[in-house]
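**Q** Numbering (the working numbering), first residue to last: 1069 to 1346.
Glycine residues also receive a C-beta, built at the ideal position from the N, C-alpha and C atoms.
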Amino acid sequence: MNAVRLGWTRGLIELRQSFTNAADLVSHFLWPVMMLVVLWFLRDRDFGSSGFVLGTLALPSILGMNAAMGMVSMSQQLTADREDGTLLRAKATPHGMRAYLIGKIVSVSGGLLADLAILLIPGMLLIGGLAAGDAGSWLTLLWVLLLGMVATLPIGAILGSVFTSARSQGLIQLPVLGMIGISGIFYPITSLPDWLQWIAQVFPVYWLGLGMRSALLPDGAAAIEIGDSWRHWETVGVLGAWAVAGLIVAPIVLRRMARRESGSSVAARREKALQRVG
């Protein structure tokens, strides 16, 4: 309980700092604003003869994509903390690693929720045709979001443990962008070849987008989905499987990574970083 309390406090402090720092504020607003610009250009473009516009279909999908991107934020922050010695200092304190991980979950989740609100509130004013007027829609959005974060944040912790420097995080970006491209975020997945549809359904990005669409779109929009259905049970199954796998593997990988951390390893990484700058 002491670790939980310390982690919660640490996470709130980091979250508050992210909204009082100019660079972090830019990162909070830049991506949602870019997505709102994309939605503006899609607001009047129809998707075939479905009767729906691409902007209406894309808004909830982008919310799901942003929720999945929490794993990238988790990975980047964990790697940065390894490089500057923050993780080593946490390791040296009683229950420090538990408190550190809890704090990171709190700060990343809080920042993610804020980013989603920055996108959703003006997006609902910009885009019409959404079915967000009843409690059931918001309840669906809530459970999809919570399950999605449990499914993706441990993946981010694993990736942050594997990559040893912030510079190597660039290796993550291309596969993530590839997943987004085939997951039906900006255009319905049923317009893609069948083999790409099967690949997309392996990863959580597609299911987060589908879950968000089921929450915010009218029932008739399910006709353009695979199987003409929102497939809630399949969404629970796939996201749940990723969550269980991540929660099992992440603590093991984090413990092994923490055991390898030492003052000499931090100093070596800092020396390499200085050489790159030089």
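Would you mind stating whether Lys1172 and Met1137 have Cβ atoms separated by less than 9 Å?
**A** As a first step, residue 1172 must be located in the sequence shown, where it is residue number 104. As a first step, residue 1137 must be located in the sequence shown, where it is residue number 69. Their beta carbons are not under 9 Å apart, which means Lys1172 does not touch Met1137 by this criterion.
**Q** Are the beta-carbon atoms of Leu1127 and Leu1227 separated by less than 9 Å?
**A** Walking along the sequence shown from the start, residue 1127 turns up at place 59. Walking along the sequence shown from the start, residue 1227 turns up at place 159. Taking 9 Å as the Cβ cut-off, Leu1127 and Leu1227 do not qualify as a contacting pair.
**Q** Considering Val1212, what are the terminal residues of the alpha helix (DSSP H) in which it resides?
**A** Position 144 of the sequence shown, counted from the start, is the residue given in the question as residue 1212. Note, Val1212: alpha helix (DSSP H), Ala1203 to Val1230.
**Q** Would you grab the beta carbon distance between Ser1129 and Met1247 for me? Rounded to a whole angstrom, and I think it's under 8 Å.
**A** Here residue 1129 refers to the residue found at position 61 of the sequence shown. Here residue 1247 refers to the residue found at position 179 of the sequence shown. No, Ser1129 and Met1247 are not in contact; Cβ-Cβ is about 13 Å, not under 8 Å.
**Q** What's the call for Leu1214, buried or exposed, on a 16-neighbour Cβ count within 10 Å?
**A** Position 146 of the sequence shown, counting from 1, holds the residue named residue 1214. Burial call: exposed.
**Q** Ignore the nearest five residues each way along the sequence and tell me which others in Gly1123's own chain have a CB closer than 6 Å to its CB.
**A** For the purposes of this step, residue 1123 is identified with residue 55 of the sequence shown, where counting begins at 1. The answer, listed in chain order, is Leu1107, Leu1110, Arg1111 and Ile1195.
**Q** Look up Asp1114 in the DSSP assignment and say whether it is helix, strand or coil.
**A** Within the sequence shown, numbered from 1, the residue matching residue 1114 stands at position 46. In this structure, Asp1114 counts as strand in the three-state DSSP scheme.
**Q** Taking Pro1256 and Phe1087 to be in contact with their CB atoms under 8 Å, please state how far apart those CB atoms are, rounded to whole angstroms.
**A** For the purposes of this step, residue 1256 is taken as residue 188 along the sequence shown, with counting starting at 1. For the purposes of this step, residue 1087 is taken as residue 19 along the sequence shown, with counting starting at 1. Rounded, the Cβ-Cβ distance is 35 Å, inconsistent with contact.
**Q** For Val1121, which beta-bridge partners are listed by DSSP?
**A** Taking the sequence shown and counting its residues from 1, the one referred to as residue 1121 is at position 53. According to DSSP, Val1121 bridges with Asp1114.
**Q** Helix, strand or coil for Tyr1168 per DSSP?
**A** Residue mapping note: residue 1168 aligns to position 100 of the sequence shown, counting from 1. Looking at Tyr1168 - three-state DSSP - the assignment turns out to be helix.
**Q** Looking at the unbroken alpha helix (DSSP H) that takes in Trp1301, where does it start and where does it end?
**A** Position 233 of the sequence shown, counting from 1, holds the residue named residue 1301. His1300 to Arg1328 is the span of the alpha helix (DSSP H), which, as asked, contains Trp1301.
**Q** Whole-angstrom Cβ separation of Ile1186 and Phe1097, contact assumed at under 8 Å?
**A** Against the sequence shown, residue 1186 aligns to sequence position 118. Against the sequence shown, residue 1097 aligns to sequence position 29. Confirmed, Cβ separation roughly 6 Å.
**Q** Given 8 Å as the limit, is there contact between the segment 1268-1284 and the segment 1304-1315, that is, 3 or more CB pairs closer than that?
**A** Touching, per the Cβ criterion.
**Q** Going by DSSP in three states, Glu1151 sits in which element: helix, strand or coil?
**A** What you label residue 1151 is simply residue 83 of the sequence shown in a count that begins at 1. Three-state DSSP puts Glu1151 in a helix.
**Q** Let me check understanding here. Comparing Cα to Cα, which of Thr1208, Pro1100 and Ala1167 lies closest to Gly1191?
**A** Indexing the sequence shown from 1 puts residue 1191 at position 123. The option with the nearest alpha carbon to Gly1191 is Pro1100.
**Q** What residue does the alpha helix (DSSP H) around Leu1285 start on, and which one ends it?
**A** To locate residue 1285, count along the sequence shown from 1; it is residue 217. Unbroken run through Leu1285: none, as it is neither H nor E.
**Q** Give the C-beta separation of Gly1314 and Ala1219 to the nearest angstrom, bearing in mind that I take them to be a contact with Cβ-Cβ under 8 Å.
**A** Sequence index remark: in the sequence shown, residue 1314 carries index 246 (1-based). Sequence index remark: in the sequence shown, residue 1219 carries index 151 (1-based). That belief holds up - the Cβ atoms of Gly1314 and Ala1219 are roughly 7 Å apart, short of 8 Å.
**Q** How would you write the range of the alpha helix (DSSP H) that Ser1086 sits in, first residue to last?
**A** Position 18 of the sequence shown, counted from the start, is the residue given in the question as residue 1086. Asn1070 to Ser1086 is the extent of the alpha helix (DSSP H) around Ser1086.
**Q** What would DSSP say about Tyr1255, mapped onto helix, strand or coil?
**A** The residue you call residue 1255 lines up with position 187 of the sequence shown. It is coil, neither helix nor strand.
**Q** By Cβ distance, which residues of its chain are closer than 7 Å to Val1244, with the 5 residues on each side in sequence left out?
**A** Numbered from 1 along the sequence shown, position 176 holds the residue referred to as residue 1244. Contacts found: Val1140.
**Q** By Cβ distance, which residues of its chain are closer than 6 Å to Ser1175, with the 5 residues on each side in sequence left out?
**A** In the sequence shown, counting from the first residue as 1, residue 1175 sits at position 107. Only Gly1079, Glu1082 and Leu1083 meet the Cβ criterion.
**Q** Kindly indicate which three-state DSSP category His1096 falls into: helix, strand or coil?
**A** Indexing the sequence shown from 1 puts residue 1096 at position 28. Reduced to three states, the DSSP call for His1096 is helix.
**Q** Using the beta-carbon count (16 or more within 10 Å), is Leu1207 buried or exposed?
**A** Residue mapping note: residue 1207 aligns to position 139 of the sequence shown, counting from 1. Answer is exposed; the Cβ neighbour count stays below 16.
**Q** Where does Phe1271 fall in DSSP's three states?
**A** Position 203 of the sequence shown, counting from 1, holds the residue named residue 1271. Looking at Phe1271 - three-state DSSP - the assignment turns out to be coil, as it is neither helix nor strand.
**Q** Among Gly1201, Gly1197, Ile1170 and Ser1259, whose alpha-carbon lies nearest the alpha-carbon of Leu1221?
**A** As a working mapping, residue 1221 is identified with position 153 in the sequence shown. For Leu1221, the nearest C-alpha among the options comes from Ile1170.
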